[in-house]
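>
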Amino acid sequence: MQLVILGSGSPIPAPDRAGPSTLVRTSVGDLLFDAGRGVLLRATGVLSGALAFKAVFLTHLHSDHTTDLNDVITTRWAMSFEPTPLSVFGPVGTATLVAATEAMLEQDIGYRLAHHDSLNWRPDTQVTEVTEGLVFEDGEVRVTAAPTDHAPVHPTVAFRIDDGDRSVVIAGDTVPCEGLDRLAAGADALVHTVIRRDQIEALGIPRLIDVLDYHSAVPQAGATAERAGVGTLVLTHMVPPVQPGAEHEWIEQARSEFGGEVVLAEDLTTIELGPAGQ
Ligand SMILES: [Zn+2]
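Offset between the sequence shown (1-based) and the numbering used here: plus 118.
#1: Per the DSSP calculation, Asp256 is bridged to which residue(s)?
#2: Could you please give me the residues that DSSP links to Gln120 through a beta bridge?
#3: Do Val286 and Ala305 have their C-beta atoms within less than 8 Å of each other?
#4: Check whether the Cβ of Val352 sits closer than 7 Å to any heavy atom of ligand 1, and report yes or no.
#5: Thr262 and Arg284: beta carbons closer than 8 Å?
#6: So who's on the other strand from Leu422, going by DSSP bridges?
#7: In the DSSP assignment, find the alpha helix (DSSP H) that holds Met284 and state where it starts and stops.
#8: What three-state label does DSSP hand Met356 in the structure shown?
#9: If the criterion is Cβ atoms closer than 8 Å, does the pair Ser128 and Thr387 meet it?
#10: Which class does Arg278 belong to by DSSP, given the choice of helix, strand or coil?
#11: According to DSSP, what are the bridge partners of Pro131?
#12: Give me the residue from Thr311, Leu237, Val245 with the minimum Cα distance to Asp267.
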């Protein structure tokens with residue numbers, strides 16, 4: 119199994135960081151977790167793409183995690199040579215988001231259907247709203263969900279992917295919580311969004327101060343990784359943006375609470391999770 123951070127950014131636009139999205143390459147194909155800004159640009163960088171996704175999973179419906187879902191839906195449909203339904207798993211509300219996205223695309227769908235004789239089917243997005251437990255199973259691959267705490271955003275979920283004896287957990291946005299602790303226990307890797315409490319407090323910008331109460335600061339992500347006993351903690355979705363030359367500060371803050379390996383993600387950071395799968 120292989121883990122690829124497609125987008126390591128946050129809502130704050132950055133020239134070198136796409137929005138939040140992670141690709142997990144398993145023995146049954148590519149699974150996409152969240153679909154932030156530029157997801158297909160980055161997927162192309164590892165020879166994946168809209169038609170390669172076995173399924174898409176959304177941790178929550180904040181716009182930075184979903185803004186390019188419309189690109190995934192449209193590109194998969196418009197480049198297909200036969201109907202290729204897209205399976206999307208996400209928290210309650212995902213069906214509404216997908217229906218609204220397809221409604222937004224209605225004119226484009228009409229243009230392409232009218233123009234291409236070889237395209238005579240509409241996008242087909244099959245939504246499964248998930249809360250907890252096993253949500254996807256194919257061969258050796260199992261995806262399990264658990265509720266997280268990103269209040270007042272609700273509901274939100276984390277996902278654990280097991281492929282044979284290898285495992286990775288996608289935390290999404292959350293403060294430390296029992297659901298994530300339970301899901302991440304013993305995983306090989308934990309991908310966790312993080313903020314720098316010290317820097318945000320120093321900046322003193324009210325809109326940024328607001329996010330302190332629903333994200334994990336870096337040491338909190340480290341503590342979650344330590345409690346769960348994971349092998350590798352991958353920090354992503356850094357707020358505020360990482361200052362050049364200050365990468366070590368983020369890693370040191372995580373290591374203050376976690377004895378395992380810490381990786382500060384960049385776009386296309388790739389982690390091999392061992393012999394199972396691909
Ligand atoms: Zn969020």
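Backbone N, C-alpha and C define an ideal beta-carbon position, used for all residues, glycine too.
Since the structure is predicted, the reported quantities are computational estimates derived from the model, not experimental observations.
A quick look at the data gives this:
#1: In DSSP, Asp256 forms a bridge with Val259.
#2: Its beta-bridge partners are Arg143, Glu390.
#3: Cβ atoms of Val286 and Ala305: closer than 8 Å.
#4: It does not: the Cβ of Val352 is nowhere closer than 7 Å to a heavy atom of ligand 1.
#5: It is not a contact, given that the beta carbons lie outside the stated cut-off.
#6: For residue 422 there is no data in the structure shown, the boundaries of the chain being 119 and 396.
#7: Strictly speaking, residue 284 in this sequence is Arg, with Met absent from that position. Premise fails: Arg284 lies in the beta strand (DSSP E), 284 to 288, not in any alpha helix (DSSP H).
#8: Here Met356 sits in strand by DSSP.
#9: Judged by beta-carbon spacing, Thr387 lies beyond the 8 Å limit of Ser128, meaning their Cβ atoms are not closer than that value.
#10: Arg278: strand per DSSP, three-state reduction.
#11: Per DSSP, none; premise fails for Pro131.
#12: The residue with the shortest Cα to Cα distance from Asp267 is Thr311.
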